[in-house]
Amino acid sequence: MAPIHKNPIQQLIHPNHSLTLFDSNTKYVCDGCKILGIGKRYNCPECDFDLHEYCGTCPMNLSSFLHPYHSLKLVTRMPLGNRQLGRVCNVCCDSIEGLFYRCELCEFDVHPLCTLLPQTLQHVLHQVHPLRLLSSSESKTCVVCKGTCNASSWRYRCALCEFDIHMECMLVQCKKERTWLGISKYAPPSIFPKTQYFDGHAYEIPYSNHNHNDMPHPHPHPRPQHQCYCPVQSDHGRTSRRIGTIIFIIVKVVITALILGL
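Using full-length UniProt numbering, the first residue of the sequence shown is number 1, and each one after it goes up by one.
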């Protein structure tokens with residue numbers, strides 16, 4: 001693991017030692033938010049303590065479009081034995097186990113990584129309008145996997161056209177087709193094999209900005225090594241696999257695409 005030449009930081013949740021930024025292609029579990037990560041992380045070698053780069057530097061107070069009514073405060077969950085109730089992220093519906101942002105007045109909770117999700121994205125299946133990250137009171141069908149976007153779940157949506165995509169389905173590679181008139185169009189894949197979260201997209205840039213006003217959108221060209229993800233709904237409307245890892249990948253590839261200007 002190679003250190004990056006930046007000043008070490010002090011973190012409230014690891015006060016005894018400073019943390020150094022490292023870069024490595026190995027997987028790790030963030031000791032802040034408890035979500036898997038890969039690549040850059042703040043690390044304490046003495047304690048084998050890792051933080052996502054953002055979890056190491058996220059502000060104590062945050063204003064976000066996800067909850068525009070009040071500022072969010074960075075807090076941390078009690079140890080497992082001292083908890084009375086479970087807690088889930090209001091955006092991705094995955095469990096909260098460590099660091100998170102909270103609005104006490106509204107009981108709104110969100111992972112630090114989820115606050116990095118872009119408010120708008122462009123998608124090859126709907127190039128006429130940008131998609132906005134919204135929470136809708138209506139149940140709709142995801143145009144990619146054909147599964148249900150449950151009421152009150154967050155999804156990327158064009159309200160004007162009633163076009164909805166699960167957050168995790170934004171990463172699915174779409175296939176290019178031609179109509180009988182020879183016109184190119186894109187369509188969702190017909191088969192959704194099980195995903196390998198850190199295969200494919202964690203090492204690629206599935207977003208590009210070509211001809212879409214510099215807004216990132218999923219890359220239209222399929223890659224053989226990528227395995228797509230289709231959410232499997234449980235009785236509670238949550239995906240049966242941890243969506244937190246998917247959120248990490250979305251944030252990682254979108255930010256990388258914006259930095260590289262793809």
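C-beta atoms are modelled at their ideal positions from N, C-alpha and C, and glycine is treated no differently. Since the structure is predicted, the reported quantities are computational estimates derived from the model, not experimental observations.
*Given a cut-off of 8 angstroms, decide if Y156 and R132 are closer than it, judged by their beta-carbon atoms.*
Within the sequence shown, residue 132 is the residue found at index 132, counting from 1. Within the sequence shown, residue 156 is the residue found at index 156, counting from 1. Yes, the Cβ-Cβ distance between R132 and Y156 is below 8 angstroms.
*Could you check if Y101 is buried or exposed, using at least 16 other CB atoms within 10 Å of its CB as the buried criterion?*
Numbered from its first residue, the sequence shown carries residue 101 at position 101. Buried.
*Going along the chain, which residues of its own chain have a beta-carbon closer than 6 angstroms to the beta-carbon of G169, five neighbours each way excluded?*
For the purposes of this step, residue 169 is taken as the residue at position 169 of the sequence shown. The question names Gly, but residue 169 in the sequence shown is Cys. Here the set comprises C142, V144 and C145.
*With distances taken between CB atoms, is the gap from P112 to T120 smaller than 8 angstroms?*
Residue 112 sits at position 112 when you count from the first residue of the sequence shown. Residue 120 sits at position 120 when you count from the first residue of the sequence shown. Not in contact: P112 and T120 (Cβ atoms no closer than 8 angstroms).
*asked:* Taking DSSP's pairing of strands, which residues face T141 in a bridge?
replied: Position 141 of the sequence shown holds residue 141. T148, per the DSSP bridge assignment.
*Between the CA atoms of Q122 and I96 - distance to the nearest angstrom*: Residue mapping note: residue 96 aligns to position 96 of the sequence shown, counting from 1. Residue mapping note: residue 122 aligns to position 122 of the sequence shown, counting from 1. I96 and Q122: Cα-Cα distance of roughly 29 angstroms.
*Starting from N103, trace the beta strand (DSSP E) both ways and give me its first and last residue.*
Taking the first residue of the sequence shown as position 1, residue 103 is located at position 103. For the sequence presented, residue 103 should be read as Cys rather than Asn. First-last of the beta strand (DSSP E) with C103: L99 to C103.
_Environment of Q11 [buried if 16+ CB atoms lie within 10 Å]_ = As a first step, residue 11 is located in the sequence shown; it is residue number 11 there, counting from the start. Buried, since its Cβ has 16 or more Cβ neighbours within 10 Å.
*Would T115 pass as a contact of S64 if the rule is Cβ separation under 8 angstroms?*
Locating residue 115 in the sequence shown gives position 115, counting from the first residue. Locating residue 64 in the sequence shown gives position 64, counting from the first residue. Contact: yes.
_First through last residue of the alpha helix (DSSP H) which encompasses L54_ = For the purposes of this step, residue 54 is taken as residue 54 along the sequence shown, with counting starting at 1. The amino acid at residue 54 is misidentified as Leu; the sequence shows Tyr. Start and end: E53 to T57.
*Please name the residue or residues paired with N43 in a DSSP beta bridge.*
Translated into the one-based positions of the sequence shown, residue 43 becomes position 43. In DSSP, N43 forms a bridge with T20 and D50.
*Based on the DSSP secondary-structure assignment, which residues constitute the bridge partners of R132?*
Your numbering for residue 132 matches position 132 in the sequence shown. Paired residue(s): T120 and R157.
*Could you check what DSSP says for L36 in three-state terms: helix, strand or coil?*
What you label residue 36 is simply residue 36 of the sequence shown in a count that begins at 1. The answer is strand: DSSP assigns L36 an E or B state.
*asked:* Tell me which residue opens and which closes the beta strand (DSSP E) that L12 is part of.
replied: By one-based count along the sequence shown, residue 12 stands at place 12. It is not in any beta strand (DSSP E) - L12 carries neither H nor E in the DSSP assignment.
*For I165, the first and last residue of its enclosing beta strand (DSSP E)*: What you label residue 165 is simply residue 165 of the sequence shown in a count that begins at 1. F163 to H166 is the span of the beta strand (DSSP E), which, as asked, contains I165.
_Of the listed residues T20, C47, P118 and H14, nearest to K6 (C-alpha basis)_ = Working through the sequence shown from its first residue, we reach residue 6 at position 6. Taking only the C-alpha atoms, the option nearest K6 is T20.
_Suppose you measure from the CA of P59 to the CA of L74; what does that come to, to the nearest Å?_
Residue numbering aside, residue 59 sits at position 59 when the sequence shown is read from its first letter. Residue numbering aside, residue 74 sits at position 74 when the sequence shown is read from its first letter. Roughly 7 angstroms separates the two Cα atoms.
_Distance check for D109 and N90, CA to CA, integer angstroms please._
Against the sequence shown, residue 90 aligns to sequence position 90. Against the sequence shown, residue 109 aligns to sequence position 109. Their Cα atoms are separated by approximately 6 angstroms.
*Cα separation between N150 and I165?*
Position 150 of the sequence shown, counted from the first residue, corresponds to residue 150. Position 165 of the sequence shown, counted from the first residue, corresponds to residue 165. When rounded, the distance between both Cα atoms is 11 angstroms.
*beta strand (DSSP E) containing F108: first to last residue?*
To locate residue 108, count along the sequence shown from 1; it is residue 108. First-last of the beta strand (DSSP E) with F108: F108 to V110.
*With a threshold of 16 other CB atoms inside 10 Å of the CB of D48, please say whether the residue is buried or exposed.*
Translated into the one-based positions of the sequence shown, residue 48 becomes position 48. Its Cβ having fewer than 16 others within 10 Å, D48 is exposed.
*asked:* In whole angstroms, give me the CA-to-CA distance for A159 and P15.
replied: Against the sequence shown, residue 159 aligns to sequence position 159. Against the sequence shown, residue 15 aligns to sequence position 15. Cα to Cα, A159 sits roughly 46 angstroms from P15.
_Beta-carbon separation (whole angstroms), G98 vs G32, contact threshold 8 angstroms_ = If you number the sequence shown from 1, residue 98 lands on position 98. If you number the sequence shown from 1, residue 32 lands on position 32. Going by Cβ atoms, the distance from G98 to G32 rounds to 5 angstroms, so yes, they are a contact pair.
*What's the call for Y54, buried or exposed, on a 16-neighbour Cβ count within 10 Å?*
Within the sequence shown, residue 54 is the residue found at index 54, counting from 1. Y54 comes out buried.
*Kindly indicate if chain C contains any beta-carbon less than 8 angstroms away from that of L62.*
No chain C appears in the structure shown, which is made up of a single protein chain.
*What do you get for H210, buried or exposed, if any count of 16 or more other CB atoms within 10 angstroms of its CB means buried?*
Within the sequence shown, numbered from 1, the residue matching residue 210 stands at position 210. In this prediction, H210 scores a pLDDT of 34, lower than 50, which makes its location untrustworthy; no coordinate-derived value is stated.
*Sort out for me which residues DSSP pairs S95 with in a bridge.*
If you number the sequence shown from 1, residue 95 lands on position 95. According to DSSP, S95 bridges with V88.
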